[in-house]
Amino acid sequence: MIEARHITKTFGTLRVLDDLSLSIGPRRITGLVGPNAAGKTTLAKIILGLTKADSGTLEIDGARIGADDAYRSRIGYMPQMARFPENLSARELFEMLTDLRRPTPPVDEELVERFNFAGALDKPIRTLSGGTRQKVNAVIAFLFRPDLLILDEPTAGLDPVSSGILKDKIFAEKAAGTTFLLTSHIMSELDELADDIAFINEGKVAFVGALAEIKRVTRQSNLERAIAEMMKRGAAA
Amino acid sequence: MKVTAKVARYEIRDVIRSRWLIGYTLFFLLVTDALFRFGGGGEKALLSLVNVVLILIPLVSIVFSTVYLYAAREFIELLLAQPIKRRQVFAGLYVGLALPLSLSFVAAVCIPFILHRGIASAQPGTFAALLLAGIALTLIFTALAFLIVARTEDRIKGLGLAVAVWLFLAVLYDGLVLLVISIMADYPIERPLIGLMLANPMDLARVALLLQFDVAALLGYTGAVMQKFFGRAIGVTVTSLALAVWVFAPLFAGMRAFQKKDF
Numbered sequence: 001m002i003e004a005r006h007i008t009k010t011f012g013t014l015r016v017l018d019d020l021s022l023s024i025g026p027r028r029i030t031g032l033v034g035p036n037a038a039g040k041t042t043l044a045k046i047i048l049g050l051t052k053a054d055s056g057t058l059e060i061d062g063a064r065i066g067a068d069d070a071y072r073s074r075i076g077y078m079p080q081m082a083r084f085p086e087n088l089s090a091r092e093l094f095e096m097l098t099d100l101r102r103p104t105p106p107v108d109e110e111l112v113e114r115f116n117f118a119g120a121l122d123k124p125i126r127t128l129s130g131g132t133r134q135k136v137n138a139v140i141a142f143l144f145r146p147d148l149l150i151l152d153e154p155t156a157g158l159d160p161v162s163s164g165i166l167k168d169k170i171f172a173e174k175a176a177g178t179t180f181l182l183t184s185h186i187m188s189e190l191d192e193l194a195d196d197i198a199f200i201n202e203g204k205v206a207f208v209g210a211l212a213e214i215k216r217v218t219r220q221s222n223l224e225r226a227i228a229e230m231m232k233r234g235a236a237a
Numbered sequence: 001m002k003v004t005a006k007v008a009r010y011e012i013r014d015v016i017r018s019r020w021l022i023g024y025t026l027f028f029l030l031v032t033d034a035l036f037r038f039g040g041g042g043e044k045a046l047l048s049l050v051n052v053v054l055i056l057i058p059l060v061s062i063v064f065s066t067v068y069l070y071a072a073r074e075f076i077e078l079l080l081a082q083p084i085k086r087r088q089v090f091a092g093l094y095v096g097l098a099l100p101l102s103l104s105f106v107a108a109v110c111i112p113f114i115l116h117r118g119i120a121s122a123q124p125g126t127f128a129a130l131l132l133a134g135i136a137l138t139l140i141f142t143a144l145a146f147l148i149v150a151r152t153e154d155r156i157k158g159l160g161l162a163v164a165v166w167l168f169l170a171v172l173y174d175g176l177v178l179l180v181i182s183i184m185a186d187y188p189i190e191r192p193l194i195g196l197m198l199a200n201p202m203d204l205a206r207v208a209l210l211l212q213f214d215v216a217a218l219l220g221y222t223g224a225v226m227q228k229f230f231g232r233a234i235g236v237t238v239t240s241l242a243l244a245v246w247v248f249a250p251l252f253a254g255m256r257a258f259q260k261k262d263f
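Which chain is which? The protein sequence lines are A and B, in order.
The opening position of the first sequence corresponds to residue 1 in our numbering, with each subsequent residue numbered one higher.
The opening position of the second sequence corresponds to residue 1 in our numbering, with each subsequent residue numbered one higher.
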C-alpha cells in the first residue's frame, strides 16, 4: 500500500528521519513503535503531505506522491491532539469536511451512535471535554470510508468503554479492506491490534515484520518486553 | 476558488461567535456613538474617529489574527490533511479572518452614523474614505499576522513580534521620522520623506484620510510634504496604490512561507 524509500528529514540540525525505507502492506494494521522523538509522527505527516521530506520518494499503490493533492481523498487522519475551532459544533465540523471533500461516499457515522454522543454534536466544541473531543477526532477519521487510516495515539484520553468501541471499529474496517498505520505508546494495545510492527529508532527502521516475528526474534512473550529487548540491543550495538 | 470560499465560510462562522470579535464591534459602536453625541458636528466626530481607527484597527487586527492562527494550528493541520491545495487553505483562512474583522468595523461605525444622521452633515466622501482606510488597515495588519505566523514556529515569539510590529509602526516610527528631520534639517529631504511615509501603512492611511479633511495641521510633516508634492488627487491615488501594495506584499510572502512550511 505504502512504499517509502530513502526518506530523510532534518529540522534545523536535528535529523529526524535518516534514509528511512519502509513498506506497509495493504489490508493490514501496521504499528509504528519507537522511543519518544523517534520520528513516528513526522513519518505520518510526510505521508499526509503536512511535512515535506528533504529527500526520498513515497508511493501509494504504486503512484508516486508529488504535487497532486487528490491522493489525500483516500486517507483518513486522526491527529494526536484533538483541537478544533472553539465556536463551531462537531456537526458543523463534519459538514465542513464533507463540503471540502465532495464528492464523497455516503459518510460513515457509525461511531457517533456507538459512542452515544449524539447529544454533544450541536454544542460548541469549546464546551466539550477532552475525551469527547477525542471521540469527534475519531469520527472524523472514519467519516469518509478511507482506504488508508493514519491514527496517531488513537485511544489517548478515551475511557475503556470508548477505547473498546474504537478498537472494534478498527477491526471491522480492517476486515472490510482498510489499511491502518497506527502509533501508540501503549504496547499492550498494539499487541492486541497490530499485524505488523515497524520499530523506528533514531530516524531509521530498526525492525519491521509480523508481530509474531518480533516476539520470536527477541524471545519475548509480549510486545512490550520485545520492544524493550530491541532497545537494549540497540543500545548495546 | 470554491474551496477557498468553503474554508472561509466555516471559519467566519467560528470567528463571528468569538467573544473578542463581539467585544471589538461593541467597542467601536460605543466610541462612534459617544464621539457623535458629544463631539458636535459630523465632521468633528469623523476626525476624532480617524485617530481611533488609525491606532486601534491595526492593533486588534494583528493581535487577534495572530492569536487565532496559533490556536487554530491543529485545525489547519486537519484542513491540510484533506485533498485540497495549501494555497486554497491559506486564502480561505485569510478571507475568513479579514472579512469578519472588516465587516464588524464597518457595521460598528455605520450604525451610529446612520442613527444620528451624521452622513448628512459630514461629507459622504470623507465618511467613505474613513471606511476604506479602516478596511485597508484591517487587510494589511491581518496579512502581516499571516506572514508572522507562517514564519514563526514559537507562538510566544510570534505574538511578541506582532505587538512589536504594531508598536514600531504606531509609535516609534514617527519618532524616527522626526529624528531624521531634525538631523537633516539643512538638507532638502522632502523626497526621502515621502519614501519614509510610503514605508509605513499607518502613516499612509493617516495621510490618505487627512487629505480628505482640510486640516493641514494634522497632516504632520510627511503629510504636508505629500500635499505640496502631489496635490490632493494624485496624493490620494499614490497613497491608495501604496496601501494595496501593503496588502499584497505580506500576503504573498506569507503564502510562500505557508506553502513550504512543515506542520
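All residues carry an ideal CB built from backbone N, CA and C; glycine is no exception.
Predicted model only: the values in this text are computed from it and were never measured.
_Proximity of D54 (chain A) and T8 (chain A) at Cβ, strictly below 7 Å_ = Inclusion of D54 (chain A) and T8 (chain A) in the CB contact set at 7 Å is warranted, their separation being smaller than that value.
Practice task
Look at F144 (chain A) and R114 (chain A) and say whether their C-beta atoms are less than 7 Å apart.
Solution key: No, the Cβ-Cβ distance between F144 (chain A) and R114 (chain A) is not below 7 Å.
Using three-state DSSP, classify P124 (chain A) as helix, strand or coil.
-> Three-state result, P124 (chain A): strand.
Within chain A, partners of S18 (chain B) - CB distance below 9 Å: Here the neighbours are E86 and N87.
Over the uninterrupted beta strand (DSSP E) stretch that includes N201 (chain A), give me the two end residues. D196 to N201
(request) Closer than 8 Å by C-beta to T51 (chain A): which residues in its own chain qualify, once you throw out the five before and the five after it? Chain order, please. (result) K9, T42 and K45
**Asked** Taking the alpha carbon of L20 (chain A) as the point to measure from, which residue in A:R64, A:G131 and A:A198 has its own alpha carbon closest?
**Response** Nearest option by C-alpha distance: A:A198.
Examine chain B for any beta-carbon lying closer than 7 Å to the beta-carbon of S55 (chain A), and answer yes or no. no
Distance between I2 (chain A) and R22 (chain A) (C-alpha atoms, nearest Å)
The sequence given here places Leu at residue 22 (chain A); Arg does not occur at that position. If I take the Cα positions, the gap works out to 8 Å.
- prompt: Hey, how far is the Cα of V67 (chain B) from the Cα of F168 (chain B)?
  reply: 19 Å
Requested in this report: With DSSP collapsed to three states, give me the class of R27 (chain A).
Outcome: coil
**Prompt:** Can you find a CB in chain A that lies within less than 7 Å of the CB of K157 (chain B)?
**Reply:** no
Taking 7 Å as the CB-CB limit, is A70 (chain A) close to chain B?
Under the Cβ criterion of 7 Å, A70 (chain A) is counted among the residues facing chain B.
Under 8 Å Cβ to Cβ from L251 (chain B), same chain only, skipping five residues before and after it: list those, please. Y94, A143, F146 and L147
Discussion item. Could you tell me the alpha carbon to alpha carbon distance between A49 (chain B) and D14 (chain B), rounded to whole angstroms?
Written reply: Looking at the sequence itself, residue 49 (chain B) is Leu, so the reference to Ala does not match. So the two alpha carbons sit approximately 29 Å from each other.
Taking the Cβ atom as the reference point for each residue, do A205 (chain B) and L137 (chain B) lie within a distance shorter than 7 Å? yes
Next item on the list: Return the residues of the segment 58-83 of chain B that lie within a Cβ-Cβ distance of less than 8 Å from chain A, sorted by chain order.
Entry: A71, A72, R73, E74, F75, E77, L78, L79, L80, A81, Q82 and P83
- Where G183 (chain A) sits in the DSSP three-state scheme: In the sequence as presented, Gly is not what sits at residue 183 (chain A); that position holds Thr. T183 (chain A) falls in the strand class under three-state DSSP.
- Task: Put L80 (chain B) into one of helix, strand or coil per three-state DSSP.
- Result: helix
Got a sec: is the Cβ-Cβ distance from R83 (chain A) to anything in chain B below 7 Å?
Chain B, which has a Cβ nearer than 7 Å to the Cβ of R83 (chain A), makes this yes.
List the endpoints of the continuous alpha helix (DSSP H) containing S162 (chain A). P160 to A175
Per-residue DSSP class, three states only, for L78 (chain A):
This sequence places Met at residue 78 (chain A); Leu is not what is there. Three-state result, M78 (chain A): strand.
- Paired residues, beta bridge with L58 (chain A) - DSSP: A:A4
Test item: CB-CB of L211 (chain A) and A194 (chain A) under 7 Å:
yes
request  = Taking S129 (chain A) as the query, report the chain B residues whose CB atoms sit under 9 Å from its CB, ordered along the chain.
outcome  = Within 9 Å Cβ-Cβ: nothing; S129 (chain A) doesn't reach chain B, min ~17 Å.
message: Taking CB distances under 7 Å as the criterion, tell me whether Y10 (chain B) reaches chain A.
response: yes
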